[in-house]
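Worksheet: one structure, shown below.
Number of protein chains: 2
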Amino acid sequence: MAAKRRPTLADVAREVGVSAKTVSRVLNEDGPASAATREQVLAAVAKLGFQPNLMARNIRVGGPDTTVGLVVPDLSNPFFGAVASGIEDAVRERGLTLLMGSSADDPARERALTDKFLGRRISILMVVPSVGADHAPLKGHRSGGLPVVFLDRPGTGLATDSVVSSNREGSHEGVTHLIAHGHRRIGFVGDLPTKLYTRRERLAGYRSGLQEADIPYDRSLVVSAHDQEGAAAATSGLLDLADPPTALFAGNNIMALGIVAELARSKRKDVAVVAFDDVSLAEVLEPALTVVAQDPEEIGRSAAATALARLDGDRSRARTVTVPTRLIVRGSGELPVPKR
Amino acid sequence: MAAKRRPTLADVAREVGVSAKTVSRVLNEDGPASAATREQVLAAVAKLGFQPNLMARNIRVGGPDTTVGLVVPDLSNPFFGAVASGIEDAVRERGLTLLMGSSADDPARERALTDKFLGRRISILMVVPSVGADHAPLKGHRSGGLPVVFLDRPGTGLATDSVVSSNREGSHEGVTHLIAHGHRRIGFVGDLPTKLYTRRERLAGYRSGLQEADIPYDRSLVVSAHDQEGAAAATSGLLDLADPPTALFAGNNIMALGIVAELARSKRKDVAVVAFDDVSLAEVLEPALTVVAQDPEEIGRSAAATALARLDGDRSRARTVTVPTRLIVRGSGELPVPKR
DNA sequence: TTGTATGCGTTATCAG
DNA sequence: CTGATAACGCATACAA
């Protein structure tokens, strides 16, 4: 038996012996309806398993859908999960539903997803921009009244609201913290690609920290990796240098995992570490991991607040909200330079 | 200026001076179209910022939407993020897009989300059932040809495919592992509510492990918590008992974090621990954390494979796939019973 | 190569 | 209180 056609309003109406509009009225509690027909309709709806076609409804009503579309690069990175949670909490009160999809950090897939969302006439669009994506095509939507917010990274080709962490300042603070504990050779383990906004900003903060302390920038101390395993390998490479670093700065949570794993594997407890972005169990490690913590939930909440204000008619200029980071001192960042 | 009406096919057609159908043709690369009109149309589309209304399109075409809807209880739990990743990878090859939303483990919200998905005529519905949810309303859709898959937990009131971990066997193995190292007083720190399927199954495995070793079940050794902090407090309570456990079994990843955090805080390295579900940095802890690892990506892939087979016409009976767990021995589960 | 009539499932309008 | 009819934005069938 092939998939049967789904029941429509008309089917329900025929079943009961009323008009389609009457069924519609009952379901939407729109106009008046006698208790008798009401019950009959409800019974028929249950019997047939009728499910209103929201697309047909939307096409008729014309208004935007009550959905917030969110595009993230990676569904399995807890950072974006936390951001999504923050958004969800904030928009639910307004009756909006968050739907999240992945771009895999690929501009083409990001575009396909946003188009899908836009085609559905969502109420708010939130995007963690992929490297190389062009957001000029969103201009019309934004000027047409659709709130568009960039998260974690700024977009390209479109002036709209964005919410980012204080990447540069946070890294500067983290590196300065290491310097204050005597370190002068500090490795930077960053993610890829190197032109990723957050990567660039955090590297810039690292460099400004060094500069402030009159420590020359040494390119051989800056390495990159795609994932945790790569970060571990990169860490190993740094420690094998003729003049190895005495401290490491992790460019994000994944890099932090790789660094910590490699230091544990090689039983090195003398290397100081500060990581950008917190990770679970950081306080349990030995030494406990000192981090420049981001506030992903707050990033989400802030983005939601901005978007909701736009929905309420705020037509002011596009603004960039910077969510502050916070240095959490736990131990790994306060290790001294080993005597030699 | 209020939000202007979005441009439609007709608007584009008027702009160019052709019929709506012609515009439709170029956009869908459907019928033939002269290069001249083609360019004109494309120009007008860009100029007006026209975005086809996918709902109108879909309602006309009638076919299902190319979306896979996924309902999870918590967007910020990395376990579900990994499951989603597995699904995404598997369905993308078929041109399907994964969209994920949160039920917050609330039946009403789960229902609202599934209704929203169903109203959009998604191709596949995947649900991590909330406690207390009734899935009988999905019957019509499932028999109407919509693949419905339950993940991580079985659904209620609907016979359909589901994919779960080997919770009972895994727990049994984990507890038996502790017993093999001499432990007889083993605490169980589980999540809430206690009637949650995974919680019940894992507790059952714990009990069967004890029973097999002729160790009496002691209710005072079974505690529960909502979150990591709660798990830490529960752990503390267990260790304060007059006759405290010498080993702990964590009912899920969050409970594991709480246990590990509390043991670190109280500087207890003599308590053996086995956790259900792996956590990052488990191998770096001291002692490294022995776990009964789940395979969330595989759960996702398996669910996707099942659903795709249904889409291809598989009308065989509903089946339950059990994804095996794997005991990963790292150290914490092999600690001996302290001498006293 | 292009246009016209028609219908998808729903709701708004207006009449009964 | 209820129903007939038109309309939403788009695609199919057929004609030109």
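Line by line, the protein sequences give chains A and B. By the count of the numbering used here, the first sequence reaches residue 589 at its end, each step adding exactly one. By the count of the numbering used here, the second sequence reaches residue 589 at its end, each step adding exactly one. Beta carbons: idealized from backbone N, C-alpha and C, even for Gly.
Point to revise | Proximity winner among A:566, A:550 and A:578, relative to residue 331 of chain A (alpha-carbon distances) | key: A:550
**Study point:** Contacts around residue 442 of chain B, its chain only, beta-carbon distance under 7 angstroms, and the 5 residues preceding and following it disregarded
**Key:** 380
Practice item. State the start and end residues of the unbroken beta strand (DSSP E) segment that holds residue 594 of chain B. Key: Chain B is shown only over 250 to 589; residue 594 of chain B falls outside these bounds and no answer can be derived.
Exercise for review: Report the three-state DSSP secondary structure of residue 474 of chain B (helix, strand or coil).
Suggested key: In the displayed model, residue 474 of chain B falls within a strand according to three-state DSSP.
Check your understanding: How close, in whole Å, do the beta carbons of residue 496 of chain A and residue 435 of chain A come, if the pair is a contact with beta carbons under 8 angstroms?
Key -> 5 angstroms
Check your understanding: Touching or not, the region 569-584 of chain A and the region 254-265 of chain B, by the rule of three or more beta carbon pairs under 8 angstroms?
Key -> no
Review point. Going along the chain, which residues of its own chain have a beta-carbon closer than 7 angstroms to the beta-carbon of residue 362 of chain B, five neighbours each way excluded?
Key: Cβ within range, chain order: 320, 350 and 352.
**Study point:** Test: residue 533 of chain B CB closer than 8 angstroms to a CB of chain A
**Key:** With respect to chain A, the C-beta atom of residue 533 of chain B has a partner C-beta closer than 8 angstroms.
Check your understanding: Do we get a CB-CB distance below 8 angstroms when we pair residue 416 of chain A with the residues of chain B?
Key -> no
Practice item. Pick out whichever of A:273, A:309, A:312 and A:324 has its Cα sitting closest to the Cα of residue 299 of chain A. Key: A:273
Check your understanding: If you measure from the beta carbon of residue 333 of chain A to each beta carbon in chain B, is any gap under 8 angstroms?
Key -> At a cut-off of 8 angstroms, the C-beta of residue 333 of chain A has a neighbouring C-beta in chain B.
Point to revise | Residues near residue 397 of chain A in its chain [Cβ-Cβ closer than 6 angstroms; skip 5 each side] | key: Closer than 6 angstroms at the Cβ level, and outside the excluded window around residue 397 of chain A, lie 374, 387, 391 and 409.
Check your understanding: Using a Cβ-Cβ cut-off of 7 angstroms (strictly less than) and excluding sequence neighbours within five positions of residue 494 of chain B, which residues of its own chain qualify?
Key -> 434, 435, 436, 470 and 487
Review point. Helix, strand or coil: which one does DSSP assign to residue 351 of chain A?
Key: strand
Check your understanding: In whole angstroms, what is the alpha-carbon distance linking residue 372 of chain A and residue 439 of chain B?
Key -> 39 angstroms
Exercise for review: Go ahead and pull the three-state DSSP assignment for residue 441 of chain B.
Suggested key: coil
**Study point:** Beta carbon proximity, residue 390 of chain A to chain B, threshold 8 angstroms
**Key:** yes
Exercise for review: For the region 263-287 of chain A, enumerate the residues whose C-beta is nearer than 8 angstroms to any C-beta of chain B, in chain order.
Suggested key: none
Practice item. Identify each residue in the region 333-353 of chain B for which the Cβ-Cβ distance to at least one residue of chain A is less than 7 angstroms, and report them in chain order. Key: For the region 333-353 of chain B, which is checked against every Cβ of chain A, the residues closer than 7 angstroms are 333, 334, 337, 346, 347, 348, 349, 350 and 351.
Check your understanding: Considering only residues of the same chain and omitting the five flanking positions on each side of residue 261 of chain B, which have a CB-CB separation below 7 angstroms?
Key -> So the list reads 272, 290, 293, 294, 297 and 299, once near-sequence residues are dropped.
Review point. Thinking C-beta only, is residue 505 of chain A closer than 8 angstroms to residue 452 of chain A?
Key: no
Practice item. Show which residues of chain A have a CB atom less than 8 angstroms away from the CB atom of residue 302 of chain B. Key: What residue 302 of chain B touches in chain A: 308, 368 and 370.
Practice item. Would you verify that the beta carbon of residue 365 of chain A is, or is not, closer than 8 angstroms to some beta carbon of chain B? Key: yes
Review point. For residue 501 of chain B, which option in B:283, B:419 and B:553 has the closest C-alpha, if you only look at C-alpha atoms?
Key: B:419
Check your understanding: How would you label residue 251 of chain B, buried or exposed, when you count the other beta carbons within 10 angstroms and need 16 or more for buried?
Key -> Note that residue 251 of chain B has pLDDT 40, beneath the 50 cutoff, so the model's placement of it is unreliable and no number is given.
Exercise for review: Apply the 10 Å Cβ neighbour rule to residue 498 of chain B and answer buried if 16 or more other Cβ atoms are within range, or exposed otherwise.
Suggested key: Buried, since its Cβ has 16 or more Cβ neighbours within 10 Å.
Point to revise | Amino acids of chain A, ordered along the chain, whose beta-carbon sits closer than 7 angstroms to that of residue 500 of chain B | key: Within chain A, no residue comes near residue 500 of chain B; the closest Cβ sits about 17 angstroms away, beyond 7 angstroms.
**Study point:** residue 410 of chain B, DSSP secondary structure in three states
**Key:** strand
Review point. Would the beta-carbon of residue 540 of chain B fall within 8 angstroms of that of residue 523 of chain B?
Key: yes
Point to revise | Proximal chain B residues relative to residue 513 of chain A, where beta-carbon distance stays under 8 angstroms | key: 532 and 533
Check your understanding: Quick one: complete alpha helix (DSSP H) runs, 4+ long, within the region 263-334 of chain A?
Key -> 269-277, 284-297 and 303-310
Exercise for review: Pair every Cβ in the region 354-361 of chain B with every Cβ in the region 303-318 of chain A, then say whether three or more of these pairs are closer than 8 angstroms.
Suggested key: no
Review point. Quick one, which of A:283, A:282 and A:288 has its alpha-carbon nearest residue 264 of chain A's?
Key: A:288
Review point. Going along chain A in order, which residues have a C-beta closer than 7 angstroms to the C-beta of residue 468 of chain B?
Key: Simply none; closest approach about 29 angstroms.
Review point. Going straight from the alpha carbon of residue 564 of chain A to that of residue 531 of chain B, what length do you get?
Key: 49 angstroms
Point to revise | Within chain B, the residues that residue 357 of chain A reaches when beta carbons sit closer than 9 angstroms | key: None at all; the shortest Cβ gap to chain B is about 12 angstroms.
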